[in-house]
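Structure first, commentary second.
Number of protein chains: 2
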Amino acid sequence: MNLESIKSPADLKQLSVGELTELCSNMRTALIEKISRHGGHFGPNLGMVEATVALHIVFNSPVDKFVFDVSHQSYIHKMLTGRMSAFVNSDRYDDVSGYTNPHESEHDFFNIGHTSTSISLASGLAKARDLNGGKENIIAVIGDGSLSGGEAFEGLDTAGTFKSNFIIVVNDNDMSIAENHGGIYDNLRLLRETNGKAECNLFRAFGLDYRFVNNGNDLESLIATFQEVKDIDHPIVVHIVTEKGRGYAPAVADKESHHWCGPFDMATDRQLYDSDAPSYASIMTSMLLKRMKEDKSLVVVNAGTPGVIGFNPKERAEAGDQFVDVGIAEEQAAAMVSGIARNGGHPVWGVGASFIQRAYDQISQDICINASPATIVTFYTGIRALNDVTHLGIYDIAMLSNIPGLVYLAPTCRAEFEAMLNWSIAQDKAPVAIRTASPAPVDLDITVDSDYSELNKFRVVSEGSDVAIIAVGTMLADALKAAELLKAKGINPTIINPRFVSGVDAELLTSLMANHRAVVTVEDGIIDGGFGAKVAHFYADKDIKVDVIGLPKQFYDRYNPQELCERYDITAEGIARRVQRL
Amino acid sequence: MNLESIKSPADLKQLSVGELTELCSNMRTALIEKISRHGGHFGPNLGMVEATVALHIVFNSPVDKFVFDVSHQSYIHKMLTGRMSAFVNSDRYDDVSGYTNPHESEHDFFNIGHTSTSISLASGLAKARDLNGGKENIIAVIGDGSLSGGEAFEGLDTAGTFKSNFIIVVNDNDMSIAENHGGIYDNLRLLRETNGKAECNLFRAFGLDYRFVNNGNDLESLIATFQEVKDIDHPIVVHIVTEKGRGYAPAVADKESHHWCGPFDMATDRQLYDSDAPSYASIMTSMLLKRMKEDKSLVVVNAGTPGVIGFNPKERAEAGDQFVDVGIAEEQAAAMVSGIARNGGHPVWGVGASFIQRAYDQISQDICINASPATIVTFYTGIRALNDVTHLGIYDIAMLSNIPGLVYLAPTCRAEFEAMLNWSIAQDKAPVAIRTASPAPVDLDITVDSDYSELNKFRVVSEGSDVAIIAVGTMLADALKAAELLKAKGINPTIINPRFVSGVDAELLTSLMANHRAVVTVEDGIIDGGFGAKVAHFYADKDIKVDVIGLPKQFYDRYNPQELCERYDITAEGIARRVQRL
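Just so you know, the sequences run in chain order A and B. Every letter in the first sequence is one number past the one before it in the numbering used here, and letter 395, counting from 1, is 395. Every letter in the second sequence is one number past the one before it in the numbering used here, and letter 317, counting from 1, is 899.
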């Protein structure tokens, strides 16, 4: 079958089961080839081939509306809805994003990249349909670890009150990114073991009707069940059991490392761009594993992304009870570390910068109002981390630096990261967050302190005059290079490592006024609500000019990091240019 | 029984059941009298008298540790743990806060005021206990609507994986603040109707063991059940059925209006300081109910606090299907309004400013990345709203104004609020939040526009020279008074209503430079991440001085609003003083 003959779901509806089976097989092959050359979410999509075809056979998209959770398992949906060429033609691989996107297709209703949102988003589509007298089916597709997030439970709870059509397809592959964690997974297992017949049923307990499909990779069972629930007049869960990674043996054998893949060699399954170079994740993991042996109350908490923070299966086994994965449930992670800290433990919560947003209230209320001395380490921060609009690391300073009571530290280099982490774990006064720079740790020839208890104390790295550059975290390296460029032009700027992004050093900033006319701040995040804005505010009624280098507040999608940095002067040359302008 | 003889839980342990029953009765009487004179959470505490006594009889606080959800039902716990005088001696009523507070007592482990956090916080206490080899009981007490929040479900899910002591007392009074909403409440009803015997059991589906107490206001059953689960070696839910408002007939008859009460007359049950004066909630409700009749796709969404936004039982009945209460579940509310907006509906989400924090990620990802034209109306904003540290309305600008794509409007008066709300509902371009001022709407003699589609366009209210005052929302009235004070001293400031707090009007700010030397901004929120900081940043490299009036970033607890405003010049006199200083 020629995959490119599938231009829309209508083209599926004439096919026999045999032809559909061949289509599934061909799509799987195309998917494996694309991911091997381009990278992307792998195992989740391989498991959903048949289910996605069955959904498009039975329902009438886009009149009937699908909402894919996280939408990292929407690749087959994209193939079937006019975007096949982006999967079979390597020149067009980048025509599509890794997530659903209304700008790409009328079959996509939301740009989604965070977990656990599909039921809630779809509940809104259903509510609007009912008010407007519509009759279409609304289908949320959730699973692959997404069920453990609070928003998903809230969505189930609301869906349980509905009196009209609402279909939730639960893709149960018995996995999250890594293995599942949570009491509900025992119930899913019970349901699998009883062919869906167990009386104790999580979904029924939420007020929902329920169907079970034992083989969620079998087209005919799926089609039959979806036909049964199509146009149903009440909310229902269709629980399908699928195999993550199906069709690519190494992805079935090692599901965690094939959840998302960079380009790899199909013959050996080896990642092409794998690196053994230390990352902040590996540095932190080594430090903590060592420290755990001496301090049994040290515990690392993570919400379903252990690989992001360097806790792969080997490290998790070594940490034992001193590592907790709560599943994709950041609110739980935040509150839990507060509780650990309040009962004599030393918790470290490692979290991706984009996901920390999911626990704003818990950081503010559960941790900071209680001044619980928990340590939070943020990963994938800054411009050079992830670049899909749903996964950006450029909003963390605006969020965390304005929550009272939270100390937010930005290490400039490896040694400073280690010092800050050691200090934070040992202290018992305040919640501390530490911003790891992306992508790779650098070594800098600067003095690193071991004690950060004097809050908001900046450090002068190099004394100069006229202009001072205050560079946050990873930007210090660029500021030092900018200083070299400027010295060649006869300008000798003072270089400052603020270390803290959650406040300013009033004493040092005041002292600068003696022999400086201007200050340039640099951060790799948005300006609004950020660090430079605090410096600008400090000097606002004083005789010193401030130029804040950073990103304008907006959403950026699939950008080229170097281009973005150059556009906004977030480079050594850019910093030097802005200094000269002043 | 002399209540003041109870100095600590140890004093309970010698008492007979008869004496304990008398104690309960006396505490209830004291509680009713205190609330009638002082105000506070009423129905929730009246229902929990026996359960709290039984907990303290069976467990050994503070070695065994209780975490009360929201902690609005912890008054009896306070009475029993050394704080009785704050409930029986009217001179000492204010010795205690309305929530648990570690500064008050070693029996309190967290300062809590938001919903659904107890299980997660307690899970951390339990984890630290296990790592440190402790043996104490950890008990989370949750209910009264708190179960519907995502954090509570995440907590149940994590608790379901525990292999050691963990006790969750679910106080099922069949109510939230108003009536319950959510599919789980059908399951709780089934459990009540089957005396806890139904096979389909929400808590067991989360992997938890389970006990049921049919009469949760019966001391002896409670004591017997708590004895049974004391020192248990695995996680368990004790589901107790209590009567909200028990012991005060009007609070039983009308549970919603007695959830929290201001001072009232015990003879008539009439609130002493009730007012029929319009509030922003009542203004919004009237407008929307009228508009709903013409626009069937207009729908108001709220997360468990309908009274806060003016939708009391009468208004809810009138709105019918066009009002949705999702239970206390702000993430669901945020995503749902996005879904409604994406399917042709016109959603308005009314939410308390302190609770909007619970949906930061959903506002950013589910609403703003998708540019869903939903309307959010924030209540209880500013300094003069709620003053417990857990319920402050001073962080909303720092949060909302730095999320890309969100338009945050601050109306200065009633007419402007109405105009902004009408515009927001009608437009289909962007998510819009509107900040209602606290406490009461004012009328101002200013020109009000009907169209706000030209984003970040400020309005000059009164032309002057030398100094401009940019006053956010409710502060405009104070700025106008300040202008009068200044005119008497020969200063004629320009007065500006920014209308937008999520961005600045570069054109207008630039034009001010022609004949102004300084700008003063005023907002009733924290400075860090706020509106004035954006203005300070705009002028940072220009020849104009900026003075930002607002609150330093910190937590404020049970402050006197007038004192706080005076301390930080957030008054007409303060503004005038700051202008003169420049």
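Don't be surprised by glycine CBs; every beta carbon is placed ideally from N, CA and C. A quick note: this is a predicted structure, and the numbers were derived from the prediction, not measured.
Coarse secondary structure for residue i, derived from DSSP in three states
{"i": "G150/A", "result": "helix"}
{"i": "H623/B", "result": "strand"}
{"i": "G378/A", "result": "Note that residue 378/A is Thr in the sequence shown here, rather than Gly. Here T378/A sits in strand by DSSP."}
{"i": "F206/A", "result": "coil"}
{"i": "E523/A", "result": "strand"}
{"i": "V933/B", "result": "strand"}
{"i": "T494/A", "result": "strand"}
{"i": "F162/A", "result": "coil"}
{"i": "M175/A", "result": "strand"}
{"i": "P235/A", "result": "strand"}
{"i": "G615/A", "result": "No answer is possible for residue 615/A: the residues shown for chain A start at 1 and end at 582."}
{"i": "I6/A", "result": "coil"}
{"i": "D585/A", "result": "Nothing about residue 585/A can be read from this structure; chain A reaches only from 1 to 582."}
{"i": "H1098/B", "result": "strand"}
{"i": "R211/A", "result": "strand"}
Chain-order list of residues whose beta-carbon lies under 6 Å from that of residue i (same chain, five-residue window excluded)
{"i": "V1102/B", "result": "I1051, D1129, R1160, V1161"}
{"i": "Q944/B", "result": "E913, A916, A917"}
{"i": "P817/B", "result": "A741, F744, F748, L790"}
{"i": "M661/B", "result": "M609, F669"}
{"i": "S946/B", "result": "I985"}
{"i": "V890/B", "result": "G934, F961"}
Per-residue contacts from residue i into chain B (C-beta, under 8 Å)
{"i": "C200/A", "result": "E781, C782, N783, R786, A787"}
{"i": "L208/A", "result": "G765"}
{"i": "R358/A", "result": "Y942, D943"}
{"i": "V96/A", "result": "In chain order: nothing, as chain B lies at least about 17 Å away."}
{"i": "V432/A", "result": "By Cβ distance, chain B contributes nothing, its closest Cβ being about 16 Å from V432/A, past 8 Å."}
Within chain B, the residues that residue i reaches when beta carbons sit closer than 7 Å
{"i": "N111/A", "result": "I951, N952"}
{"i": "K553/A", "result": "N984, P986"}
{"i": "L509/A", "result": "Here the premise fails: no neighbours, minimum Cβ distance about 13 Å."}
7 Å Cβ shell around residue i - same chain, five flanking residues per side excluded
{"i": "I805/B", "result": "A636, I639, V640"}
{"i": "G149/A", "result": "T115, S116, I328, A329"}
{"i": "K542/A", "result": "M513"}
{"i": "N101/A", "result": "D108, N111"}
{"i": "H524/B", "result": "Nothing can be reported for residue 524/B, as the shown portion of chain B is limited to 583 through 1164."}
{"i": "L613/B", "result": "N627, L628, Y657, F669"}
Neighbouring residues, chain A, relative to residue i (Cβ below 8 Å)
{"i": "M918/B", "result": "S120, L121, S123, G124, K127, T158"}
{"i": "S879/B", "result": "A128, L131, N132"}
{"i": "A1118/B", "result": "A533, A536, H537, A540"}
{"i": "S730/B", "result": "E154, D157"}
Neighbourhood of residue i by C-beta, 8 Å cutoff - its chain only, sequence neighbours within 5 removed
{"i": "I1077/B", "result": "V1042, V1043, S1044, G1046, A1050, I1051, A1053, L1058, A1061, L1062, A1065"}
{"i": "S856/B", "result": "Inspection of the sequence shows that residue 856/B is occupied by Asp rather than by Ser. Excluding positions up to five away in sequence, the list reads G844."}
{"i": "L485/A", "result": "A572, E573, A576"}
Partners in chain A for residue i, counting only beta-carbon separations shorter than 7 Å
{"i": "G1111/B", "result": "A398, N402, G529"}
{"i": "S946/B", "result": "Q357"}
Within chain C, partners of residue i - CB distance below 8 Å
{"i": "L1164/B", "result": "The question asks about chain C, but that chain is absent: this structure's protein chains are A and B."}
Neighbour list for residue i in chain A, Cβ cutoff strictly below 9 Å
{"i": "Q904/B", "result": "L131"}
Neighbour list for residue i in chain B, Cβ cutoff strictly below 9 Å
{"i": "D547/A", "result": "A1122, D1123"}
Open item on the list: I want to know whether the region 898–906 of chain B touches the region 91–105 of chain A - three or more CB-CB distances under 8 Å.
Closed with: When Cβ pairs closer than 8 Å are counted between the two stretches, the region 898–906 of chain B is seen not to touch the region 91–105 of chain A, the count staying below three.
Open item on the list: Just to confirm the assignment: which complete beta strand (DSSP E) runs, minimum length 3, are found wholly within the region 862–905 of chain B?
Closed with: Considered as a whole, the region 862–905 of chain B harbours 880–884 as its complete beta strand (DSSP E) runs of no fewer than 3 residues, in chain order.
TODO: Mind the definition here: the region 394–412 of chain A touches the region 130–149 of chain A only if three or more C-beta pairs lie below 8 Å; say whether that holds.
DONE: Taking 8 Å as the limit for Cβ pairs, the verdict is that the region 130–149 of chain A does not touch the region 394–412 of chain A.
Open item on the list: Measuring CB atoms only, is the region 460–467 of chain A touching the region 416–430 of chain A, in the sense that at least three cross pairs come out at less than 8 Å?
Closed with: Contact fails: fewer than three Cβ-Cβ distances are below 8 Å.
Open item on the list: Any contact between the region 974–984 of chain B and the region 689–704 of chain B? By contact I mean 3 or more CB pairs, one from each, below 8 Å.
Closed with: No: the two stretches stay apart, fewer than three of their Cβ pairs being nearer than 8 Å.
Open item on the list: Using a Cβ distance threshold of 8 Å, determine whether the region 702–710 of chain B contacts the region 782–789 of chain B, with at least three qualifying pairs required.
Closed with: No, the region 702–710 of chain B does not touch the region 782–789 of chain B.
Open item on the list: Taking contact to mean 3 or more Cβ pairs, one atom from each stretch, closer than 8 Å, check whether the region 849–869 of chain B and the region 812–827 of chain B are in contact.
Closed with: Fewer than three Cβ pairs drawn from the region 849–869 of chain B and the region 812–827 of chain B lie within less than 8 Å of each other, which leaves the two stretches out of contact.
Open item on the list: Extract the residue ranges of the beta strand (DSSP E) inside the region 659–739 of chain B, only unbroken runs of 3 or more that lie entirely within it.
Closed with: If we require 3 residues or more, the beta strand (DSSP E) runs fully inside the region 659–739 of chain B come out as 720–725.
TODO: State whether the region 348–368 of chain A contacts the region 286–305 of chain A, with contact taken as three or more CB pairs (one from each stretch) at a distance under 8 Å.
DONE: Per the Cβ contact rule, the region 348–368 of chain A is in contact with the region 286–305 of chain A (3 or more Cβ pairs under 8 Å).
Open item on the list: At 4 residues or longer, what runs of the alpha helix (DSSP H) sit wholly inside the region 1018–1093 of chain B?
Closed with: Runs of alpha helix (DSSP H) with 4 or more residues, each lying fully within the region 1018–1093 of chain B, are found at 1057–1069, listed in chain order.
Task: Stretch pair the region 961–975 of chain B + the region 527–543 of chain A: three plus CB contacts closer than 8 Å - done: Contact between the region 961–975 of chain B and the region 527–543 of chain A is not established, with fewer than three Cβ pairs separated by less than 8 Å.
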